[in-house]
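K.L.:
By UniProt numbering, the letter at position 145 of the sequence shown is numbered 145, and the numbering carries on one by one without gaps.
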Amino acid sequence: MRLILTTAATEEPVSLSDARTHLRISDDETTEDALIQGIIMAARIEAERQLGRPLVSQTWTAKMDYFPDSDEIELPLPPLVSVATVKYIDPDGTLQTLSNTYYTVDTSGVLGRIYLNYGYSWPDIRVEPNAVRIEYVAGYGDASAVPEDVKSWMLLRIGDRYEHRESIVVGTIASKLPELGGLLLGDRVGF
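1. Which of the three DSSP states is assigned to Glu128 in this structure?
2. Going by DSSP in three states, Ile158 sits in which element: helix, strand or coil?
3. Buried or exposed for Phe191, please, with buried defined as at least 16 other CB atoms from any protein chain shown within 10 angstroms of its CB.
4. Residue ranges of each alpha helix (DSSP H) run of no fewer than 4 residues wholly in the region 50 to 86, ordered along the chain?
5. Is the number of C-beta pairs between the region 31 to 42 and the region 72 to 85 that are closer than 8 Å three or more?
6. Following the continuous alpha helix (DSSP H) through Asp18, name the residue where it begins and the one where it ends.
7. Looking at C-alpha atoms only, which residue of Ile158, Trp153, Arg133 and His22 is the closest neighbour of Trp60?
8. Assign Val81 to one of two classes, buried (16 or more other C-beta atoms within 10 Å of its C-beta) or exposed (fewer than that).
9. Suppose you measure from the CA of Met154 to the CA of Leu111; what does that come to, to the nearest Å?
10. Do you know offhand how far Leu5's Cα is from Gly139's?
11. Just to confirm, are Leu75 and Tyr120 a CB contact at a threshold of 8 Å?
12. If distances are taken between C-alpha atoms only, which option among Glu163, Val146 and Thr97 comes closest to Pro79?
13. By a C-beta neighbour count over all protein chains shown, 10 Å radius and 16 as the cutoff for buried, is Gln96 buried or exposed?
14. Around the C-beta of Glu48, are 16 or more other C-beta atoms found within 10 angstroms, so that it is buried, or is it exposed?
15. Counting only the same chain and skipping the five closest in sequence on each side, list residues whose C-beta sits under 8 Å from that of Val105.
16. Mind checking whether Ile73 and Ala131 have CB atoms under 8 Å apart?
17. Check whether the Cβ atoms of Gln50 and Ala8 sit closer than 8 Å, and answer yes or no.
Structure, rendered in structure tokens:
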């Protein structure tokens, strides 16, 4: 399964205002707002990579060469919010949309899934790369739904990146906060 980000996040789990408060930057000092916005985005992307899940709503397309032999398709990048379309290339080479009467979407597990309804089977497809394409929305929803431990981790990373803008620090002794990695453990997929 290949995953393609179709629609990126339109908001960040940590607002510019919250980041500025955490960094102890006064409201009238706005010269570094663009830098801070970039650091917020980088912290979100880092958290998403470590967790194996999008934090705020994003649209993804999963591409497969064929339908599975089983009656279900697990979709990575939880939590699954909804499935917009299941498309496939039929034996004649025409892109078709699978009717949602064929399947049910299950968002209740860690990984969301699509499973065939009773009496249905996956349609015949043309043998070619990416013959099956599933477009779906994943993420916690808006910023208010992102777990607080993840937001706390992001604020700590934002503080680190704001304070240390180079990859090497010379002449000081520094160490990671031991609890920093632990903040994400409960929200990580596959562990």
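Glycine included, each C-beta is placed from N, C-alpha and C at the ideal position. On a predicted model such as this, the values are computed, not experimentally measured, just so you know.
P.N.:
This is what the structure gives:
1. Correct three-state label for Glu128: coil.
2. helix
3. In this prediction, Phe191 has a pLDDT of 45, which is less than 50 and means its spatial position is unreliable; nothing more can be read from the coordinates.
4. none
5. no
6. Leu16 to His22
7. Arg133
8. Buried: at least 16 other Cβ atoms inside 10 Å.
9. 23 Å
10. 12 Å
11. no
12. Looking at the Cα atoms, Val146 is the closest of the given residues.
13. Exposed, since its Cβ has fewer than 16 Cβ neighbours within 10 Å.
14. Looking at its Cβ environment, which holds 16 or more other Cβ atoms inside 10 Å, Glu48 is buried.
15. Leu80, Ser82, Val83, Gly112, Arg113 and Ile114
16. no
17. no
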